[in-house]
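Number 790 in this note's numbering belongs to position 197 of the sequence shown; there are no gaps in the numbering. Beta carbons are placed, not taken as given, at the ideal position from N, Cα and C, and that holds for glycine. All values derive from a computational prediction rather than experimental measurement. The next block holds one structure in the form of structure tokens; read it before the comments.
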Amino acid sequence: MKKTIILVFGILFFMVFAINSSVAQTGIEPEVREMNLVRSPLDDGLHNALSFGLTLNNFGFGLGTEYRRVISPMSEFIMDFQISALRDITEQNYQFFGQQIIPNKRNRIMSFPLIAGFKQRLFAESISDNFRLYVSGMGGGTAAYVYPYYQTRDVFYVMLDDAEQFSNGDLSVQQYGPVEANTGQISNDMFQGWGDGEWKFGAAGQLGVGVDFGENFKSLTSVKVGFTFQYYPEGIQVMDPLRVLGYFPGNETYADTYVVADGTPKQKFFGSPYITLVFGRMW
Numbered sequence: 594m595k596k597t598i599i600l601v602f603g604i605l606f607f608m609v610f611a612i613n614s615s616v617a618q619t620g621i622e623p624e625v626r627e628m629n630l631v632r633s634p635l636d637d638g639l640h641n642a643l644s645f646g647l648t649l650n651n652f653g654f655g656l657g658t659e660y661r662r663v664i665s666p667m668s669e670f671i672m673d674f675q676i677s678a679l680r681d682i683t684e685q686n687y688q689f690f691g692q693q694i695i696p697n698k699r700n701r702i703m704s705f706p707l708i709a710g711f712k713q714r715l716f717a718e719s720i721s722d723n724f725r726l727y728v729s730g731m732g733g734g735t736a737a738y739v740y741p742y743y744q745t746r747d748v749f750y751v752m753l754d755d756a757e758q759f760s761n762g763d764l765s766v767q768q769y770g771p772v773e774a775n776t777g778q779i780s781n782d783m784f785q786g787w788g789d790g791e792w793k794f795g796a797a798g799q800l801g802v803g804v805d806f807g808e809n810f811k812s813l814t815s816v817k818v819g820f821t822f823q824y825y826p827e828g829i830q831v832m833d834p835l836r837v838l839g840y841f842p843g844n845e846t847y848a849d850t851y852v853v854a855d856g857t858p859k860q861k862f863f864g865s866p867y868i869t870l871v872f873g874r875m876w
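In structure tokens form, the structure reads like this:
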């Protein structure tokens, strides 16, 4: 009987001790919380970035430089300057006795857009820090230097609607001025004709989606795709405004006279998808 009482008290003591230990552990152990491990350049004391980019679009290649300023963990202010060519996307190149010819092209264009905007990181908590997806939007101004594609030579010409009058001896419809390269003009290479150019000014913008690669924020490597555009209110004469259809051989009364019709009007809007590779540093 005595052993039974001792056994009962032993069991009761063990149960009380176990309950007290369980309560104590519940009160001591903290609640398990999910940790936010998203990093940003600010965590490494980085606020600025300078990079260089190579762009490919429908107009050709472009070179640029970009400045970034971190304004919050997920947002940055960006400013971008580029040098790139503009052209009519319908242009076609031909080889003529070793020289590249673009029929009906009137002017070459070099553009210098300066734009600024913002960049916002997306899905930071879902995607690893070494693959930082972002969107960006920028706008600003642009300047374009327009210079002749060929060495200008003025010729006599009549419009197609006036050709019959001219053939009947009405010389009042005859005009004099530069027509297209088909009349014998010599094409410039890209370094010729600069002295005969002029400046045009307009607006520019860019929308993009990109990725910053790598866990080391100091080394900046990015790829960006999107749409870029430039708008010139006055328009730019990229292709010839007149196209040659034929000519009247000269005689005692008049010189060789070309018959022309309306060609391509001035172009105001230039837009293209693009892809840009970016390399730079943060500090």
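Opening and closing residue of the alpha helix (DSSP H) in which residue i lies
{"i": "GLN758", "result": "756-760"}
Proximity winner among the options, relative to residue i (alpha-carbon distances)
{"i": "TRP792", "options": "ASP833, PHE759 and PHE705", "result": "PHE705"}
{"i": "MET667", "options": "VAL728, ASP673 and THR658", "result": "VAL728"}
{"i": "GLY710", "options": "ARG746, PHE670 and SER677", "result": "PHE670"}
{"i": "PHE652", "options": "ARG632, LEU679, PHE674 and LEU639", "result": "LEU679"}
{"i": "ALA756", "options": "PRO842, LEU643, ASN686 and ILE868", "result": "PRO842"}
{"i": "GLU845", "options": "GLY762, LYS712 and ARG725", "result": "GLY762"}
{"i": "ILE676", "options": "ILE708, SER760, ASP722 and VAL804", "result": "ILE708"}
{"i": "ASN723", "options": "GLY828, TYR825, LEU835 and VAL804", "result": "VAL804"}
{"i": "VAL748", "options": "LYS859, ARG632 and TYR847", "result": "TYR847"}
{"i": "ASP636", "options": "VAL663, GLY657 and LEU647", "result": "VAL663"}
{"i": "ARG701", "options": "VAL766, GLY646 and ILE829", "result": "ILE829"}
{"i": "GLY786", "options": "THR745, SER815 and GLN767", "result": "THR745"}
{"i": "GLY795", "options": "ALA854, GLN758 and LYS861", "result": "LYS861"}
{"i": "TYR660", "options": "LYS712, TYR687 and GLY807", "result": "LYS712"}
{"i": "VAL772", "options": "ASP673, TYR840, SER721 and GLY638", "result": "TYR840"}
Where the beta strand (DSSP E) containing residue i begins and where it ends
{"i": "SER668", "result": "668-679"}
{"i": "THR745", "result": "Counting along the chain, THR745 falls outside any beta strand (DSSP E), and DSSP gives it neither H nor E."}
{"i": "ASN700", "result": "700-714"}
{"i": "ILE829", "result": "812-829"}
{"i": "GLY733", "result": "724-741"}
{"i": "SER665", "result": "653-665"}
{"i": "PRO834", "result": "Counting along the chain, PRO834 falls outside any beta strand (DSSP E), and DSSP gives it neither H nor E."}
{"i": "GLY798", "result": "791-806"}
{"i": "ILE682", "result": "ILE682 -> no beta strand (DSSP E), and no H or E assigned at all."}
{"i": "GLN768", "result": "768-771"}
{"i": "LEU643", "result": "641-650"}
{"i": "GLN693", "result": "692-694"}
Outcome for residue i when other beta-carbon atoms lying within 10 angstroms are tallied against a minimum of 16
{"i": "GLN618", "result": "Residue placement at GLN618 is poorly supported in this model, since its pLDDT is 47, which falls under 50; the coordinates are not used for a value here."}
{"i": "TYR769", "result": "exposed"}
{"i": "VAL802", "result": "exposed"}
{"i": "LEU630", "result": "exposed"}
{"i": "PRO741", "result": "buried"}
{"i": "ARG739", "result": "Before going further, note that residue 739 is Val rather than Arg in the sequence given. VAL739 should be labelled buried."}
{"i": "ASP650", "result": "Residue identity differs from the one stated: residue 650 is Asn in this sequence, not Asp. Buried."}
{"i": "VAL616", "result": "With a pLDDT of 44 at VAL616, under the threshold of 50, the modelled position of this residue cannot be trusted; read the value that follows with caution. Exposed, since its Cβ has fewer than 16 Cβ neighbours within 10 Å."}
{"i": "PRO826", "result": "exposed"}
{"i": "PRO858", "result": "exposed"}
Presumed contact (8 Å Cβ cut-off) between residue i and residue j, rounded CB distance
{"i": "VAL852", "j": "LEU753", "result": "6 Å"}
{"i": "THR850", "j": "TYR743", "result": "With 8 Å as the limit, THR850 and TYR743 do not qualify as a contact, their Cβ atoms being about 20 Å apart."}
{"i": "LEU813", "j": "SER644", "result": "5 Å"}
{"i": "GLN823", "j": "THR735", "result": "5 Å"}
{"i": "PHE810", "j": "PRO634", "result": "5 Å"}
{"i": "ASN697", "j": "ASP833", "result": "5 Å"}
{"i": "GLY886", "j": "ARG836", "result": "Lying outside 594 to 876, the shown extent of the chain, residue 886 is not represented and no answer is given."}
{"i": "TYR867", "j": "THR648", "result": "6 Å"}
{"i": "THR869", "j": "GLY646", "result": "5 Å"}
{"i": "ILE694", "j": "SER780", "result": "6 Å"}
{"i": "ARG714", "j": "ARG725", "result": "6 Å"}
{"i": "ALA737", "j": "MET703", "result": "7 Å"}
In chain order, each beta strand (DSSP E) run of at least 3 residues that lies wholly inside the segment 840-864: The segment 840-864 contains these whole beta strand (DSSP E) runs: 850-855.
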